[in-house]
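J.:
2 protein chains.
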Amino acid sequence: MVKITDVARHAGVSPSTVSYALSGKRPISEETRQRVEASIRELGYRPHAGARALASSRSNVLALVVPLRAGIHVPVVMQFAVSVVTAARRHDHDVLLLTQEEGGDGLRRVADTALVDALIVMDVQLHDGRLPLLRALDRPSVLIGFPAEPAGLTCIDLDFAAAGELCVEHLAGLGHRVVALVGSPPEVYVRGTGFAQRVVRGFTAAADRCGLSSSVHPCEAGPAAARRVAELLLRERPALTGVVVHNEPVLEPLIDAFEAMGLRVPGDLSVTAICPDEVAGRARVPVTSVAIPAAEVGAGAVDLLMRKLGGAAVPEATLLSPRLTVRASTVPRP
Amino acid sequence: MVKITDVARHAGVSPSTVSYALSGKRPISEETRQRVEASIRELGYRPHAGARALASSRSNVLALVVPLRAGIHVPVVMQFAVSVVTAARRHDHDVLLLTQEEGGDGLRRVADTALVDALIVMDVQLHDGRLPLLRALDRPSVLIGFPAEPAGLTCIDLDFAAAGELCVEHLAGLGHRVVALVGSPPEVYVRGTGFAQRVVRGFTAAADRCGLSSSVHPCEAGPAAARRVAELLLRERPALTGVVVHNEPVLEPLIDAFEAMGLRVPGDLSVTAICPDEVAGRARVPVTSVAIPAAEVGAGAVDLLMRKLGGAAVPEATLLSPRLTVRASTVPRP
DNA sequence: TTCCCCCGTCGAAGCGCTTCGACGTCCTGT
DNA sequence: ACAGGACGTCGAAGCGCTTCGACGGGGGAA
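Just so you know, the sequences run in chain order A and B.
Quick note: the first sequence uses this note's numbering, first residue 1, plus one each step.
Quick note: the second sequence uses this note's numbering, first residue 1001, plus one each step.
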């Protein structure tokens, strides 16, 4: 293994000079830097990560905790993860993968052993057991998602309330007067998943503001549940012409159910969804939707973390504005 | 930060004794170990990962390279990743996440900087550009998937040839005499994805062996392509009664297409697939299938790596036996 | 009883890097 | 012309841990 002293000898300088040439933490003459860089290339020098971490107390590694639980859309998680890795690499950092399973212990372990400099936690619950730990840890962290009490933490996420509003406003703008939200399974609300509740709030608020008649309907996964909800809507809200779906696996079955009941989409019913673009795009009728900007959120989380590691103050809450993509599933009210 | 010398002082022993008590690399009296452990607990000692890595030249971190490319089923990748992390934790190791995007450079970087002790590479192509690098690296690695020339490497995967055979044998056992394989998109074969070709080999070999009439049909993703293949099969192989599908996204559309053309599954046509259980299970007709044992493969890869790190010799090729789950889509030939 | 060897422990020497203080040298302002 | 800086470099002191050789004491074999 070639080490910094080898490079130093080869370039005719001291090890500290090599270090400074590499880090830029002190001025080094152009000529010396050239020589050092040439030696590094020639010898194929690679600084030893462990030694570096020990001396600098910086590992240049971030921890990423990914969720495993049911009900979360795996491809989106993957997009997050990939964008986090990509963004981290831009800042010369690597990413250590932790599973939710390990819980708080995993976080504490990688933080306490100085394996990582900072942490990103996905899928935060409203009353997440890891929150006290994250507050107490001596390393910076960023949450993807918002807990009930985000004070003292740094959080980033799509602005789900605004997403809910945006869908309603889009429908209202098309002249729809009676709208319904088909939401996540009941247990998601019970569990206290913040974003689901925030969608409901945004949906309801916007409907009230726009003077629409609105209702909210949690829905299990699967075609059977979709059919039940469709029947219920048809029966109890016959004037319904606008539907917002916040429940990926149910989107297609729900549209199928409507059609099976003689309601054409978008002819009789305009449908908009909050879901990944791929889900919206590949449905039988491409669905007007607000996408989860996974890549943006991931990159944003890394940027926040880097700023914190740099000692900068960052906002506690970062809400990404939703963007609505109009597709074939929404039309003006007949 | 509490360090090993603090523990040593607190327990009234030398730092080396603490180290040995922790690692077990030298005998330590029961009584001393007790005392050391008590001190560790009391002080909340956590060994510094970087220092440990530097002194022992072992980071206890594995690299995992995940693919990003189109055409691979994301949930399966995630299952791999999670099972790798879980298995690694059982061996007191952590997992560093790398994306395919970084290519060979990423592998070289984490290996050369001693950030990781060993590497797991997913989605290996038949003529993968990273193979020479992996062979040259001074750290052990395990490939998930088989390249054309696996000599000198350690590989693990589902035995796709056997999976193809198993599907055929299942159909043959039910009395079917004319079978077809609906495979991956043509580019997958062109790209040289080993497992796709191995399925074809197994399928053809078993059909020949069983005296069946067989044919192979690559197929693009999407319902349109599925319909085309269905029509082609109906037209050119009217006696067809058994189909093997090795193409997740096409499975459902294909069945839909058959039904739309008046062919009932399994009444007229028995269908079996090589795909994740969730895909097979959630289809309109639950499909008899051979699953990708992602968790097994991931855990197996980690085990191989640990053995290699321990200095043991391991087989170059590990093929996991396919298991066929019979569901509603296959019945005896009428 | 004597010799050996093993058990359990210690001290010290690094592992490879960063960083701090120090020290020339050369430039600039007055 | 000279003090005061800024610049560029060096040496040495660690960062916290593992590991190697050494050593005293006790037990078994002869």
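By construction, the Cβ of each residue, glycine as well, lies at the ideal position given by its N, Cα and C atoms.
Just so you know, these numbers come straight off a predicted model, no measurement behind them.
1) Judging by CA-CA distance, which residue of B:A1180, B:P1218 and B:R1089 is the nearest neighbour of A1205 of chain B?
2) Using only the alpha-carbon positions, how far apart do L263 of chain A and L254 of chain A sit?
3) From B:V1244, B:D1277 and B:L1054, pick the residue whose C-alpha is nearest to that of S1214 of chain B; which is it?
4) Determine the burial state of D117 of chain A: buried for a count of at least 16 other Cβ atoms within 10 Å of its Cβ, exposed for fewer.
5) Of the residues A:P15, A:L143, A:H127 and A:A260, which one's Cα is nearest the Cα of Y223 of chain A?
6) Given a cut-off of 7 Å on the beta-carbon distance, is the pair I1120 of chain B and L1064 of chain B in contact?
7) Apart from the five residues on each side of it in sequence, which residues of its chain come closer than 7 Å, Cβ to Cβ, to P249 of chain A?
8) Looking at chain A, which residues of the stretch 1069 to 1101 of chain B have a Cβ within less than 8 Å of any of its Cβ atoms?
9) Run through the DSSP bridge pairs and tell me what G1242 of chain B is partnered with.
10) I'd like to know whether the C-beta atoms of H176 of chain A and G267 of chain A end up nearer to each other than 7 Å.
11) What residue ranges within the stretch 1033 to 1086 of chain B form continuous alpha helix (DSSP H) runs of no fewer than 4 residues, ordered along the chain?
12) For D92 of chain A, does the count of other Cβ atoms within 10 angstroms reach 16, so buried, or fall short, so exposed?
13) Measure the beta-carbon distance from K1308 of chain B to P1140 of chain B and round it to whole angstroms, keeping in mind my assumption that it falls under 8 Å.
14) Does the beta carbon of T1288 of chain B sit closer than 7 Å to a beta carbon anywhere in chain A?
15) Contact between the stretch 8 to 17 of chain A and the stretch 28 to 35 of chain A: three or more CB pairs below 8 Å?
16) Can you tell me which of B:R1228, B:G1152, B:V1124 and B:P1218 puts its alpha carbon nearest to the alpha carbon of A1136 of chain B?
17) Between the stretch 108 to 138 of chain A and chain B, which residues of the former have CB atoms less than 8 Å from a CB of the latter, in chain order?
18) Between the alpha carbons of L131 of chain A and P1047 of chain B, how many angstroms are there, rounded?
19) For the candidate residues A:A51, A:V331, A:E296 and A:V168, whose alpha-carbon lies nearest to that of A87 of chain A?
20) Return helix, strand or coil for H1010 of chain B, following the three-state DSSP convention.
21) Taking the continuous beta strand (DSSP E) assigned at L143 of chain A, which residues delimit it?
22) Apply the 10 Å Cβ neighbour rule to H246 of chain A and answer buried if 16 or more other Cβ atoms are within range, or exposed otherwise.
23) Looking at the strands, I want to know which residues DSSP matches up with C1155 of chain B.
24) Under a CB-based cut-off of 7 Å, is L1054 of chain B close to chain A?
25) Under the rule that 16 or more other beta-carbon atoms within 10 Å means buried, what is H170 of chain A, buried or exposed?
26) Do A1049 of chain B and T113 of chain A have their C-beta atoms closer together than 7 Å?
27) Are the stretch 305 to 325 of chain A and the stretch 152 to 164 of chain A touching, with three or more C-beta to C-beta distances below 8 Å?
28) Report, in whole angstroms, the separation of the C-beta atoms of T1154 of chain B and E1316 of chain B, which I expect to be a contact under 8 Å.
29) Compare the C-beta of G104 of chain A with all C-beta atoms of chain B and state if any pair is closer than 7 Å.
30) If you draw a straight line from the C-alpha of A313 of chain A to the C-alpha of P150 of chain A, how long is it?
31) Is the beta carbon of D1006 of chain B less than 7 Å from the beta carbon of L1054 of chain B?
32) Is the beta carbon of L1212 of chain B less than 7 Å from the beta carbon of A1148 of chain B?
33) What distance in whole Å lies between the Cβ atoms of V178 of chain A and L240 of chain A, which are believed to be in contact at a cut-off of 8 Å?
34) Using the Cα positions of V302 of chain A and V199 of chain A, report the straight-line distance between them to the nearest angstrom.
35) For A148 of chain A, verify whether its CB is less than 6 Å away from any heavy atom of the ligand HEM.
36) Enumerate, from N- to C-terminal direction, the unbroken beta strand (DSSP E) stretches of 3 or more residues contained entirely within the stretch 99 to 128 of chain A.
T.: A quick look at the data gives this:
1) Position 205 of the second sequence, counted from the start, is the residue given in the question as residue 1205 of chain B. Comparing Cα positions, the closest option is B:A1180.
2) On the first sequence, residue 263 of chain A is found 263 positions in, with the first residue counted as 1. On the first sequence, residue 254 of chain A is found 254 positions in, with the first residue counted as 1. Looking at the two C-alpha atoms, the distance is approximately 11 Å.
3) In the second sequence, the residue the question calls residue 1214 of chain B occupies position 214. Relative to the Cα of S1214 of chain B, the nearest Cα in the group B:V1244, B:D1277 and B:L1054 belongs to B:V1244.
4) Here residue 117 of chain A refers to the residue found at position 117 of the first sequence. D117 of chain A is buried by the Cβ-count criterion.
5) Along the first sequence, one-based indexing puts residue 223 of chain A at 223. Here residue 223 of chain A is Pro; the residue named in the question, Tyr, does not match the sequence. When only C-alpha atoms are compared, the closest one is A:A260.
6) Against the second sequence, residue 1120 of chain B aligns to sequence position 120. Against the second sequence, residue 1064 of chain B aligns to sequence position 64. A contact, by the Cβ cut-off of 7 Å.
7) Here residue 249 of chain A corresponds to residue number 249 of the first sequence, with the count starting at 1. Cβ neighbours of P249 of chain A beyond the five flanking positions: A221.
8) V1074, P1075, V1077, M1078, A1081, V1082, V1085, T1086, R1089, D1094, V1095, L1096, L1097, L1098, T1099 and E1101
9) Counting from 1 along the second sequence, the entry for residue 1242 of chain B is found at position 242. Paired residue(s): B:V1179 and B:S1270.
10) The residue given as residue 176 of chain A occupies position 176 in the first sequence. The residue given as residue 267 of chain A occupies position 267 in the first sequence. Their beta carbons are not under 7 Å apart, which means H176 of chain A does not touch G267 of chain A by this criterion.
11) List check, alpha helix (DSSP H) in window: 1049 to 1056.
12) For the purposes of this step, residue 92 of chain A is taken as the residue at position 92 of the first sequence. It counts as exposed.
13) Residue mapping note: residue 1308 of chain B aligns to position 308 of the second sequence, counting from 1. Residue mapping note: residue 1140 of chain B aligns to position 140 of the second sequence, counting from 1. Correct: roughly 4 Å between the Cβ atoms.
14) The count along the second sequence starts at 1 and reaches residue 1288 of chain B at position 288. It does not: the Cβ of T1288 of chain B has no partner Cβ on chain A nearer than 7 Å.
15) yes
16) Translated into positions along the second sequence, residue 1136 of chain B becomes position 136. It is B:G1152.
17) R109, V110, D112, T113, A114 and L115
18) Here residue 131 of chain A is taken as the residue at index 131 of the first sequence, counted from 1. Here residue 1047 of chain B is taken as the residue at index 47 of the second sequence, counted from 1. Cα to Cα, the separation comes out at about 24 Å.
19) Taking the first sequence and counting its residues from 1, one reaches residue 87 of chain A at position 87. For A87 of chain A, the nearest C-alpha among the options comes from A:E296.
20) Working through the second sequence from its first residue, we reach residue 1010 of chain B at position 10. Here H1010 of chain B sits in helix by DSSP.
21) As a position in the first sequence, residue 143 of chain A is number 143, starting the count at 1. S141 to I144 is the extent of the beta strand (DSSP E) around L143 of chain A.
22) Along the first sequence, read from residue 1 onward, the residue named residue 246 of chain A stands at position 246. Within a 10 Å sphere around the beta-carbon of H246 of chain A sit 16 or more other beta-carbons, which makes this residue buried.
23) Mapped onto the second sequence, residue 1155 of chain B falls at position 155. Answer is B:L1143 and B:A1317.
24) Translated into the one-based positions of the second sequence, residue 1054 of chain B becomes position 54. With 7 Å as the cut-off, L1054 of chain B counts as an interface residue toward chain A.
25) Sequence index remark: in the first sequence, residue 170 of chain A carries index 170 (1-based). Buried.
26) As a working note, residue 1049 of chain B is residue 49 in the second sequence. As a working note, residue 113 of chain A is residue 113 in the first sequence. Yes, the Cβ-Cβ distance between A1049 of chain B and T113 of chain A is below 7 Å.
27) yes
28) In the second sequence, the residue the question calls residue 1154 of chain B occupies position 154. In the second sequence, the residue the question calls residue 1316 of chain B occupies position 316. Yes, they are in contact, since the Cβ atoms of T1154 of chain B and E1316 of chain B sit about 6 Å apart, within 8 Å.
29) Numbered from 1 along the first sequence, position 104 holds the residue referred to as residue 104 of chain A. Chain B, which has no Cβ nearer than 7 Å to the Cβ of G104 of chain A, makes this no.
30) On the first sequence, position 313 is the one that residue 313 of chain A refers to. On the first sequence, position 150 is the one that residue 150 of chain A refers to. So the alpha carbons of these two residues sit roughly 16 Å apart.
31) Here residue 1006 of chain B corresponds to residue number 6 of the second sequence, with the count starting at 1. Here residue 1054 of chain B corresponds to residue number 54 of the second sequence, with the count starting at 1. L1054 of chain B is positioned such that its CB atom lies no closer than 7 Å to that of D1006 of chain B.
32) Position 212 of the second sequence, counted from the start, is the residue given in the question as residue 1212 of chain B. Position 148 of the second sequence, counted from the start, is the residue given in the question as residue 1148 of chain B. Going by C-beta atoms, L1212 of chain B is not nearer than 7 Å to A1148 of chain B.
33) Indexing the first sequence from 1 puts residue 240 of chain A at position 240. Indexing the first sequence from 1 puts residue 178 of chain A at position 178. Contact annotation, L240 of chain A with V178 of chain A: C-beta distance approximately 5 Å; criterion of less than 8 Å satisfied.
34) Here residue 302 of chain A corresponds to residue number 302 of the first sequence, with the count starting at 1. Here residue 199 of chain A corresponds to residue number 199 of the first sequence, with the count starting at 1. In a straight line, the C-alpha of V302 of chain A is about 25 Å away from that of V199 of chain A.
35) By its list of ligands, the structure shown contains no ligand whatsoever, and the ligand HEM lies outside what it can speak to.
36) Those beta strand (DSSP E) runs which fall completely within the stretch 99 to 128 of chain A and span 3+ residues are 118 to 121.
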